[in-house]
Structures are given as structure tokens and as C-alpha cells.
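Be aware that the sequence shown starts at 1034, since it is given in this note's numbering, and climbs by one per residue. Here the structure is laid out as C-alpha cells; the discussion comes afterwards.
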Amino acid sequence: MHAGSDNNYEYKLRGYFSGDKVYELVSNRFLPEFVLQDYEVIGTNPAPIFESQLPGSREENRLKIERPFQRRAWQRGTATGIARNAKLR
């Protein structure tokens, strides 16, 4: 694992919001401060959340700012979704 990177892993974070606001440089906004107390790796090969991560995605879209997929109700009931949800409990 590399410090400062999520290593393209999926994590479960435990902690609390302190009630303070902190400046977040990348978005140039003040956001609620989250105090991390513990974390757990729950997946080392998570499903893609952006279209460009899918096999066969076109190179011409590589500079486009993407939004994460909106999961549909029928996708949440898949075996993969059930397994992921079971890990979170």
C-alpha cells in the first residue's frame, strides 16, 4: 500500500464528524471534518464506478470529467451487490 493513495481498493471507514469545518484545497470549499478512527479494506478489486473504467471504453473520452454511475434498483440485487452489502454489516 502507498501512503496518500486509495490503491484502487474499497474501504469501510469508522469515525465521526467533529462539528468543525475544514478547507479542502482541491474543491476550494469548506467541508465538515471527519475524524477517522479506524478503517477496513473490504475489496481489492471493486466494480468500476466510471464509464471510462469499463473494458472497451473509447480513448476519445479520456479527458471528459465523469460522474459516477447511478446504480439502478435492479443492479443492487445482483449477487455481487449482495456480497458487497453483506460485508458492510
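No residue lacks a Cβ here, since even glycine has one placed at the ideal position from N, Cα and C.
Could you give the DSSP three-state label for residue i: helix, strand or coil?
{"i": "E1073", "result": "strand"}
{"i": "S1085", "result": "helix"}
{"i": "K1097", "result": "coil"}
By Cβ distance, which residues of its chain are closer than 8 Å to residue i, with the 5 residues on each side in sequence left out?
{"i": "E1130", "result": "With the chain represented from 1034 up to 1122, any question about residue 1130 goes unanswered, as that position is not in the structure."}
{"i": "R1062", "result": "Y1056"}
Can you name, in chain order, every residue of its own chain whose Cβ lies under 6 Å from the Cβ of residue i, other than the five neighbours on each side?
{"i": "E1066", "result": "S1051, D1053, V1055"}
{"i": "P1081", "result": "L1087"}
{"i": "S1038", "result": "none"}
{"i": "L1058", "result": "none"}
Between which residues of its own chain and residue i is the CB-CB distance below 7 Å, once the five residues before and five after are set aside?
{"i": "Q1103", "result": "none"}
From the beta carbon of residue i, is the nearest beta carbon of chain D less than 8 Å away?
{"i": "F1102", "result": "Checking the listed chains, one finds no chain D in this structure; it contains a single protein chain."}
Q) Hey, is the stretch 1071 to 1082 in contact with the stretch 1045 to 1052, meaning 3+ C-beta pairs nearer than 8 Å? A) yes
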